[in-house]
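Residue numbers (the numbering used here): 1407 to 1896.
We put the CB at the ideal spot given by N, CA and C, even for glycine.
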């Protein structure tokens, strides 16, 4: 009869000596017929590292643990939270069991009826041990309240994994301002609701403390909506635009140049109130800022809307090309349905690995003179400028590329293989503004400012845009271009 010490067993496991060794492990409490004669007893749980003497009473799912005790003979089941889990019988001795906590094991935070126990079962019965199976750590996405933050009003914390939350702590500069222990958690465990306590008179941090961990994020007493980005600086009425920012729950309406309004009821807000989707209303033709109107302030877009000052070609009289593709106008009956006047349609089936000169898909943009651009002077560095254009595709644009270059073959500044889908998917059936920094296209050291760029004769050296298919599979190009322009970066 041999009983292996647990430290020795762990060492044997990690040197793989025990696996498949054929060692027959016996117990002092085992009868001659191989049946256990005593109830399993669990004394502690530890980790498998043989160099560390460490016991613990709680763990996240996925952890490999050692259940230690006695009478682990004739084991028929190992149960966690009342659920039988799989184990390898080679990893059982009379005094230890090595087993992994399943990654999908239900935990008490989502089901309070679960016992938070580990059980070892043999023919005599089951030995039980109290052990906490932790929920995933909490996370915070957004604090929602009507500003300014006022005691007695309701606050919501949006996030995830709000299981077994113990308290919410308000602090500033390391000093605790208030604690909340009376709160409600929704059925999906991703919203905490409570009444704002007294004593919070400073900007600071909110910490959500749960059984499984804690998370901290900053809060402001009076958060003003922030307008971070406008998806399109030129977009026709009837086309969608996206506004990104913060605290959009306080937005009452969006006002376009000319005072044309879109009320909040006609705007789609995401769950975090950090994104708005809306349609450009009819009648918007003016130039200026897009405004967010709230009960306490008006916030302007970081860029101007309908800024046609830097347009090189628009197929409505500005600029000219080599006559590739077809010039079309939206009539509302088929895609693209809307447009700012005329636009260029380029349509061609392209074979796989075809990166040669595709004449129908070559756009040479000529113009004269170089345009005057709002907020741009001759001294403006090209690092503060971009080539922008409106783009629409009927087919998925997830392979191939557009080569953007200054001069044929990039002779006056270099070129760029433009693959916007590498950053995020290109949405089909929607006019999209792409903005490409000029420094991504122009690498000529002699072109440092807009004045340097204007020193080149635009009638002799156009912008070239050429499609290439570097994928092995054929694809259909069915795309539209409009308002190719130079802009000042925000």
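Item	Value
Quick one: measure Cβ to Cβ for residue 1724 and residue 1791, integer angstroms, because I've assumed they're closer than 8 Å.	Contact flag wrong, Cβ pair sits at about 18 Å.
Out of 1820, 1832, 1817, 1784, which one is the CA nearest neighbour of residue 1800?	1832
DSSP on residue 1569, reduced to helix/strand/coil?	coil
Take residue 1651 and list the residues in its own chain whose beta-carbon comes closer than 7 Å to its own, dropping the five residues that flank it on each side.	1631, 1632, 1633, 1634, 1680
Return the CA-CA distance between residue 1857 and residue 1582, expressed in angstroms with no decimal places.	56 Å
Looking at the unbroken beta strand (DSSP E) that takes in residue 1613, where does it start and where does it end?	1610 to 1616
Using a threshold of 8 Å, state whether the C-beta atoms of residue 1600 and residue 1588 are closer than that.	yes
Alpha carbon to alpha carbon, how far is residue 1782 from residue 1895? Give it in angstroms, no decimals.	10 Å
Between residue 1807 and the rest of its own chain, which residues show a CB-CB distance below 7 Å, the 5 nearest in sequence each way excluded?	1823, 1824, 1825, 1874, 1876
Inspect the beta-carbon positions of residue 1621 and residue 1545 and report whether they are closer than 8 Å.	yes
Please report how far the alpha carbon of residue 1434 lies from the alpha carbon of residue 1526, in whole angstroms.	Only weak support exists for where residue 1434 lies, its pLDDT of 40 falling under 50; the value from the coordinates is given anyway. For residue 1434 and residue 1526, the distance between alpha carbons rounds to 17 Å.
Is the number of C-beta pairs between the segment 1854 to 1872 and the segment 1700 to 1708 that are closer than 8 Å three or more?	no
Could you work out which residue in 1656, 1878, 1818, 1893 is closest to residue 1786 when comparing CA atoms only?	1893
Residue 1687: which of 1644, 1731, 1552, 1735 sits nearest, CA to CA?	1644
Tell me where the alpha helix (DSSP H) around residue 1846 begins and ends.	1844 to 1847
If residue 1883 sits next to residue 1753, beta carbons under 8 Å apart, how far is it from one beta carbon to the other, in whole angstroms?	7 Å
Go through its chain and collect everything with a Cβ distance to residue 1628's Cβ below 8 Å, but skip five positions before and after it.	1553, 1554, 1555
Excluding the five sequence neighbours on either side, which residues of its own chain have a C-beta within less than 6 Å of the C-beta of residue 1671, listed in chain order?	none
Between the segment 1556 to 1566 and the segment 1518 to 1537, can you find at least three pairs of beta-carbon atoms closer than 8 Å?	no
For a minimum of 3 consecutive residues, which ranges assigned as the beta strand (DSSP E) are wholly contained in the segment 1725 to 1763?	1732 to 1735, 1748 to 1756
For a minimum of 4 consecutive residues, which ranges assigned as the alpha helix (DSSP H) are wholly contained in the segment 1841 to 1880?	1844 to 1847, 1856 to 1860
DSSP state of residue 1425, grouped into three classes?	Only weak support is given to the placement of residue 1425: the predicted model assigns it a pLDDT of 37, under 50, and the question is left unresolved by the model.
Report all residues from its chain with a CB closer than 6 Å to the CB of residue 1653; omit the five preceding and five following residues, and keep chain order.	1629, 1631
Suppose you measure from the CA of residue 1888 to the CA of residue 1818; what does that come to, to the nearest Å?	24 Å
Could you say which of 1565, 1638, 1606 lies nearest to residue 1615 if we only look at CA atoms?	1565
Kindly list the residues whose CB is nearer than 8 Å to the CB of residue 1572, restricted to its own chain and excluding five residues on each side of it in sequence; keep chain order.	1587, 1615, 1616, 1617
Tell me where the beta strand (DSSP E) around residue 1635 begins and ends.	1632 to 1636
Residue 1506 and residue 1470: beta carbons closer than 8 Å?	yes
If I follow the unbroken beta strand (DSSP E) through residue 1768, where does it start and stop?	1768 to 1771
In whole angstroms, what is the alpha-carbon distance linking residue 1863 and residue 1869?	11 Å
Residue 1483 to residue 1498, Cα distance in whole Å?	12 Å
How is the beta strand (DSSP E) around residue 1895 delimited, first residue to last?	Premise fails: residue 1895 is in no beta strand (DSSP E) and is neither H nor E.
Quick one: using the 10 Å Cβ neighbour count with 16 as the cut-off for buried, is residue 1879 buried or exposed?	exposed
Among 1442, 1649, 1512, 1842, whose alpha-carbon lies nearest the alpha-carbon of residue 1479?	1442
Return the chain-ordered ranges of every beta strand (DSSP E) run that is complete within the segment 1781 to 1831 and spans a minimum of 3 residues.	1791 to 1799, 1807 to 1812, 1821 to 1824
Considering just the uninterrupted stretch of the beta strand (DSSP E) at residue 1583, what are its terminal residues?	1581 to 1586
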